[in-house]
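What follows is one structure encoded as structure tokens, with my remarks underneath.
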Amino acid sequence: SKDGNLLNVYGTIDLNKRESIAISAIDVDTENGDLYLCNYNDGKIQVLSKEGELIKEFKENLIKPYDILFNNENKELIVSDTDDHCIKIFTKDGQLKRKIGRRGKKESKFNRPRGFIYDHENKQYYIIGRNDRIQIFNENGKFVDCFGKYGTGKYEIKAPRNLAIDYKNKLMYIADTRNNCIKIYKSNK
458 SKDGNLLNVY
468 GTIDLNKRES
478 IAISAIDVDT
488 ENGDLYLCNY
498 NDGKIQVLSK
508 EGELIKEFKE
518 NLIKPYDILF
528 NNENKELIVS
538 DTDDHCIKIF
548 TKDGQLKRKI
558 GRRGKKESKF
568 NRPRGFIYDH
578 ENKQYYIIGR
588 NDRIQIFNEN
598 GKFVDCFGKY
608 GTGKYEIKAP
618 RNLAIDYKNK
628 LMYIADTRNN
638 CIKIYKSNK
């Protein structure tokens, strides 16, 4: 509801159950209301109807999915797979289309990618992870640029987990986890 009242709970909240369920991210298909969930511990994507019924799940081509985005423009499902050190793009039905990046320390490489966003205006992915920088790729997965470096200083980041874009004000917010702060960057574009 508009005033923040709880409408429903999907699944169970049972602290005595010792299941390995860990939903690390969620997104929605705005056309039909289907929910896409990353089950980090079980290494799978689950799709629920807007009523909370399990429609399907898939594990193929996944190790540890961490973040998820359903691109409503082209109906692609985008997932960061931390233990496979890449971003994976799937069809809405779970078929792997392509990967962005691979393990490494250099530009365009990843160490446990975590959060990401897809900038619909500029058709670019902004991806963060344990490489302690923000990497930018075009919509075809080609490396464009990166910024940030490891550290505790004003312009440095340490174990970032997620990010967000404010298009109107051209701001990017970085959850700088180990520095216990939010860093805010202004776009020059």
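Numbered according to my numbering, the sequence shown spans residues 458 to 646.
Built from N, CA and C at the ideal position, the CB exists for glycine as well.
| Query | Result |
| --- | --- |
| Contacting residues, own chain, Cβ-Cβ under 6 Å from D486 (five flanking each side not counted) | F527 |
| G500 beta carbon less than 8 Å from that of L519 | yes |
| Coarse secondary structure for N619, derived from DSSP in three states | strand |
| Any beta strand (DSSP E) of 3 or more consecutive residues that is wholly inside the stretch 510–559 | 511–515, 522–528, 533–538, 543–548 and 553–557 |
| Residues bridged to V466 (per DSSP) | DSSP, once it has assigned bridges, lists no residue as partnering V466. |
| 8 Å contact criterion, which R569 and R587 should meet: CB distance rounded | 4 Å |
| Closest Cα partner of E517 within the set E613, K507, N531 and I546 | I546 |
| Pairwise C-alpha distance: T609 and N529 | 37 Å |
| S644 versus I483 - alpha carbon distance | 27 Å |
| Same chain, Cβ closer than 7 Å to N531, five either side skipped, listed in chain order | none |
| Cβ neighbours of F604 in the same chain (closer than 6 Å, five flanking residues each side left out) | I591 |
| Which of helix, strand or coil DSSP assigns to N636 | helix |
| G608 in three-state terms, based on DSSP | coil |
| Boundaries of the beta strand (DSSP E) in which N595 is found, first to last residue | I591 to N595 |
| R587 (DSSP reduced to helix, strand or coil) | coil |
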